[in-house]
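If you read the sequence shown in our numbering, its first letter stands for residue -1, the second for the next number, and so on.
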Amino acid sequence: MTATTFDSKSVTDTDGWFIRYCERGRISDSVIRGGISALLWQKLRAEHVDDDVARIDALNAFVEELNRAPLIADAQTTSRELHDMPASFFEAYLGPRMKQSCCYFPQGEDTLAHAEDAMLELYGERAELVDGQRILDIGCGWGAQSLWLAEHYRQSQVVGLTNSARQREFIEQRAAARGITNLKIVIGDVATYEFAAGDAGFDRVLSIENFEHMKNYRALLAKISHWMSDDGKLFVHLFAHRLIAYHFTAQDGNDWMSRHFFGGGTMPSADLLLRFQDHLRVEKQWWLDGTHYQRTANHWLASLDAAHEQVMPILRETFGEDDAPIVFQRWRMFYMAVAGLFGYRHGREWGVAHYLFDKRSASGAQA
C-alpha cells in the first residue's frame, strides 16, 4: 500500500496496534508516510481549514485560551527520547553545526552543512545583527546558533540560555576547542529565569523554534521586552501553519507525536504572534514554505540510517537492549512525520515564519 492509495480510515488506532507495529519496524516506510499524510488530511478537516468563519472563530477562542494560560503549559512534557539523549547521539547524524531546527535550502539540493549555514546567515541578515551588539540566544540547544554568532561577531557578547546542563557542557567544550571567548551559556527556564539588572539590556534577542513550547505569548513577549535595550529587537523563527493554530495533546492512539516528542507544545498560525503586540510590535515578517523543513528532516533521516551502527550502542547504553531498537525507530518515525507535515501539499500548508519585533515602535505606540 503506497501513500497515494493509503486508506485514511485504516489509520485510526484506538488500540495502538498500528503504532506498535510501526515502532517495531514491521510496517514499511512507504506505508508509514502514507498514514502520516492521511492523518494530516484528517487534521486539516477537523481544524476547519477551508471554513473561514469557523476557522477565525476558533483562532479567536485560541488566543483567549492562551491569554489565560501559564507561560508554559502544565502538560509540557519531555519524553525520555529527548531528555535522556546524549550529545553523541545527535553528533552521529545531525549536520556539522548540530542545528536541530529547520535549515534553508536556497538552491533546493544543497548539502545539510550548507543549508545549516544558509539559515544561520539568513538569521543574521533578518535580525539586523552588527558586530559589537549584546546578543541573547533563547533556547540555544546544542549551540548551533550561539557558536555561530560568537564566531561571526567577535566583538559581540553572546549569551545562550538553555535549561540543560548537558547542553551547556557540550557548548562550552566546543567553544573552548574553537578558541571562542565571547560566549557565555547560562542555565535557566525562560518561564522562570530572570537576568540581573546589569546582565540584561540586550541589543538583539533571538529565539529559534522555542516559542512552540510556550503558551502565554503576551506574557512571554512582555518578559523578553524587559531583557532588551530601549532600541533592541527580537527575532523569532518558529514553525507554523499558514492559517490554523492548535495544541499538541495526547488524547488517543493517533497522538503519537504528542506522547513521545512534543507533549504540551503549540502549532502557531502564521499570524498568531500579530495578536500579541502590547510590548513589542512586528516590524517585519517572512515565510518559508514547508519544503525547507521537509528536506531538513529527510536529510536527518538518511543520516540517521547511515549512522545505525554508530548510534545503536549509544541507545543500548541509554535505554537497554530491548528498548534501543524501538527508540531508534521512533526517531526515524519522528523525522518521517516532520517531513510529511512540512511537505504536505508541496509545502503549501505548514512552513516556517520569521518575525522581527521592534521595541521602539511599541513604545511609540503606547506613548
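Beta carbons are placed, not taken as given, at the ideal position from N, Cα and C, and that holds for glycine.
Considering only their Cβ atoms, is the gap separating C101 from A113 smaller than 7 Å? Cβ distance < 7 Å, so A113 and C101 count as in contact.
C-beta contact flag for K213 and A351 at 7 Å: Contact flag unset, no.
How many Å lie between M(-1) and W15 at the Cα? Residue placement at M(-1) is poorly supported in this model, since its pLDDT is 25, which falls under 50; the coordinates still yield a value, given next. One Cα belongs to M(-1), the other to W15, and the distance between them is close to 17 Å.
Between the C-alpha atoms of Q74 and N208, what's the straight-line distance to the nearest angstrom? The predicted position of Q74 is uncertain, since its pLDDT is 48 and thus under 50; no value can be drawn from it.
Comparing alpha-carbon positions, which option in V280, D27, A238 and N296 lies nearest K231? Checked all of V280, D27, A238 and N296; the closest Cα to K231 is V280.
Considering Cα atoms alone, identify which of A335, Y91 and E149 is closest to G32. Here the closest residue by C-alpha is A335.
For V325 and W254, I'd like the C-alpha separation in whole angstroms. 13 Å
Would you grab the beta carbon distance between A173 and L145 for me? Rounded to a whole angstrom, and I think it's under 8 Å. 6 Å
If the criterion is Cβ atoms closer than 7 Å, does the pair A243 and F355 meet it? no
Locate the alpha helix (DSSP H) running through E114, then write down its first and last residues. L110 to R124
With a threshold of 8 Å on Cβ separation, who are the neighbours of C138 within its own chain once the five nearest residues in sequence on each side are excluded? S144, G158, L159, T160, Q165, I169 and I183
Check for me: the alpha helix (DSSP H) holding L419 runs from which residue to which? Residue 419 is absent from the structure shown; the chain starts at -1 and stops at 365.
Please classify D197: does DSSP put it in a helix, a strand, or coil? helix
Our contact map puts D115 next to Y151 with C-beta atoms below 8 Å; I'd like the distance itself, whole angstroms only. So it is not a contact: roughly 15 Å between Cβ atoms.
Could you have a look at L270 and say whether DSSP puts it in helix, strand or coil? helix
Using three-state DSSP, classify Y244 as helix, strand or coil. strand
Whose C-beta lies closer than 7 Å to the C-beta of G345 among residues of the same chain, with five residues either side of it excluded? D287, G288, T289 and Q292
Alpha helix (DSSP H) segment containing M334, residue limits: A322 to G341
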